[in-house]
Amino acid sequence: MRQTPGETTERTATASHTPPDAERLRRWRLVLGADSADSTECALTGQDAAMDGALDALYGGGTAKKPNGRSTGARSAGLGASAPSVARWLGDIRTYFPSSVVQVMQRDAIDRLGLSALLLEPEMLEAVEPDVHLVGTLLSLNKAMPETTKETARAVVRKVVEDLERRLESRTRATLTGALDRSARISRPRHRDIDWDRTIRANLKNYLTLPAPDAATTAGSTGTTGATGTVVPERLIGYGRSSRSAKKDIVLCIDQSGSMAASVVYASVFGAVLASMRTLSTRLVVFDTAVVDLTDQLDDPVDVLFGTQLGGGTDINRALAYCQSRITRPADTVVVLISDLYEGGIRDEMLKRVAAMKASGVQFVTLLALSDEGAPAYDHEHAAALGALGAPAFACTPDLFPDVMAAAIEKRPLPIPDKEYQP
């Protein structure tokens with residue numbers, strides 16, 4: 192049975208006046224593929240036939256061949272070995288299917304048919320539907336990419352990055368600005384710095400009713416005594432004085448192993464947003480077995496992404512050692528480690544560094560993934576060890592990331608999204 196993207200058959204109903212039985216056969220024919228044409232006795236014509244051809248090129252049965260013509264022993268592909276035929280196929284699926292389905296089919300084509308090499312050709316890149324996963328694939332091919340392709344690849348990456356920035360920037364700024372303001376409240380303010388609204392709310396339990404000086408002479412015809420009430424402000428809450436210096440230091444420490452591609456893309460965008468807020472001092476560090484500080488490129492997340500090198504080993508301990516050496520204000524620092532925790536370095540040293548940072552006052556956050564891909568694969572033993580140190584490890588969607596950062600800045604419990612995936 193051909194496995195097609197879930198929305199395909201639902202979105203391809205074109206004959207609204209087709210009898211129910213015939214429409215059911217038509218849908219089954221599209222799902223099962225050409226090999227089942229005889230059993231369904233349903234002939235496809237027009238757009239249905241074109242859609243079936245596009246699906247069969249990717250999901251059809253038989254003996255598969257990679258673009259170089261060698262057999263894989265798996266399912267077949269009708270895309271051929273040339274970039275023009277693949278480009279035509281990409282154009283077809285964009286014609287017949289919605290964007291979300293196109294992105295799934297593109298990923299399947301790259302994974303199932305080994306088409307990554309064809310993405311090095313400008314004609315191919317101009318035909319694809321850009322998304323986060325495609326950016327990850329391009330970044331993994333960065334070192335092998337010819338100069339003629341790099342500008343096209345940067346344009347594809349920039350389109351995805353700008354779309355993400357538009358979606359994520361405003362909420363990130365609003366959430367973190369509020370958290371920074373709240374974290375800057377002071378308990379012994381000068382008179383002009385008192386936040387009266389918050390002070391009154393915080394002291395309502397101290398409300399006292401005071402009798403009038405002479406209840407007998409002040410009572411009116413209604414029988415009231417003229418008593419008054421007041422709030423005793425035992426605890427004053429004030430605004431922090433505005434300062435040009437950063438209120439918090441943020442360190443994003445990102446694992447750039449191949450499985451973390453989507454997380455690297457999102458973290459780079461968030462890093463650029465955080466770096467643009469003058470009340471934050473943001474450092475971005477990527478690592479595999481080496482450590483690279485990309486802080487000076489944060490003004491352009493596309494430069495950040497092309498400064499990464501997806502793949503390779505992992506040395507979390509070395510990366511944390513570098514981050515630890517750059518911390519100057521532990522009580523005002525948030526370190527965010529984004530990694531699947533498959534450590535190739537010294538495990539015990541890694542845990543000791545985390546414990547030392549937390550003991551010094553650093554807020555330490557461990558994200559197993561920063562993406563929309565669901566429950567990630569990760570090292571459960573290391574995650575449990577970090578949890579025992581008070582640094583619970585969990586996956587985080589991009590939409591939740593601002594809330595996680597706000598909680599870390601305010602030093603309150605992190606909003607862990609799903610207890611089921613806690614180690």
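Remember, the numbering used here sits 191 above the position in the sequence shown when you count from 1.
Every residue gets a Cβ at the ideal spot worked out from N, C-alpha and C, and that includes glycine.
All figures in this text were calculated on a predicted structure; none of them were measured in a lab.
Determine the DSSP secondary structure at residue i, reduced to helix, strand or coil.
i, result
"residue 262", "Residue placement at residue 262 is flagged as unreliable, the pLDDT there being 40, under the threshold of 50; the coordinate-derived value follows with that caveat. Strand at residue 262."
"residue 552", "coil"
"residue 420", "strand"
"residue 355", "helix"
"residue 461", "helix"
"residue 287", "helix"
"residue 588", "coil"
"residue 602", "coil"
"residue 399", "strand"
"residue 470", "coil"
"residue 484", "strand"
"residue 391", "helix"
"residue 301", "helix"
"residue 282", "helix"
"residue 582", "coil"
"residue 595", "helix"
"residue 251", "coil"
"residue 318", "helix"
"residue 608", "coil"
"residue 235", "coil"
"residue 312", "coil"
Assign residue i to buried or exposed, taking buried as 16 or more other Cβ atoms, counted over all protein chains shown, within 10 Å of its Cβ.
i, result
"residue 573", "buried"
"residue 571", "exposed"
"residue 287", "buried"
"residue 597", "buried"
"residue 441", "buried"
"residue 239", "buried"
"residue 547", "exposed"
"residue 397", "exposed"
"residue 420", "exposed"
"residue 599", "buried"
"residue 439", "buried"
"residue 423", "exposed"
"residue 604", "exposed"
"residue 550", "exposed"
"residue 400", "exposed"
"residue 146", "Any answer about residue 146 is impossible in this case: the structure gives the chain only from 192 up to 614."
"residue 469", "exposed"
"residue 395", "exposed"
"residue 426", "exposed"
"residue 524", "buried"
"residue 312", "buried"
"residue 492", "buried"
"residue 479", "buried"
"residue 388", "exposed"
"residue 463", "buried"
"residue 392", "exposed"
"residue 615", "This structure leaves residue 615 out entirely; the chain is present only between 192 and 614."
"residue 215", "exposed"
"residue 300", "buried"
"residue 247", "buried"
Give me the DSSP bridge partner(s) of residue i.
i, result
"residue 444", "476 and 528"
"residue 439", "471"
Meets three-Cβ-pair contact criterion under 8 Å: the segment 512 to 527 and the segment 471 to 483: A contact exists between the segment 512 to 527 and the segment 471 to 483.
Segment contact flag, the segment 495 to 510 with the segment 554 to 570, C-beta cutoff 8 Å, min 3 pairs: Contact fails: fewer than three Cβ-Cβ distances are below 8 Å.
Alpha helix (DSSP H) runs wholly inside the segment 490 to 574, at least 4 long, in chain order: 492 to 497, 507 to 516 and 538 to 550, all fully within the segment 490 to 574.
Every unbroken beta strand (DSSP E) within the segment 320 to 374, with a cutoff of 3 residues, ordered by chain: The segment 320 to 374 contains no whole beta strand (DSSP E) run of 3 or more residues.
Given 8 Å, three or more beta-carbon pairs between the segment 325 to 343 and the segment 488 to 501: Per the Cβ contact rule, the segment 325 to 343 is in contact with the segment 488 to 501 (3 or more Cβ pairs under 8 Å).
Inter-stretch contact at 8 Å, needing at least 3 Cβ pairs: the segment 487 to 497 / the segment 518 to 537: Contact between the segment 487 to 497 and the segment 518 to 537 is absent, because fewer than three Cβ pairs lie under 8 Å.
The segment 587 to 596 / the segment 355 to 367 touching (three or more Cβ pairs under 8 Å): Contact check between the segment 587 to 596 and the segment 355 to 367: three or more CB pairs, one atom from each, fall below 8 Å, which counts as touching.
contact_flag[the segment 213 to 220, the segment 233 to 247] where n(CB pairs < 8 Å) is 3 or more: Between the segment 213 to 220 and the segment 233 to 247 there are three or more inter-stretch CB-CB distances shorter than 8 Å, so the stretches are counted as touching.
Touching by the beta-carbon criterion (3+ pairs, under 8 Å), the segment 289 to 298 and the segment 313 to 331: Touching, yes, given that three or more Cβ pairs across the two stretches are closer than 8 Å.
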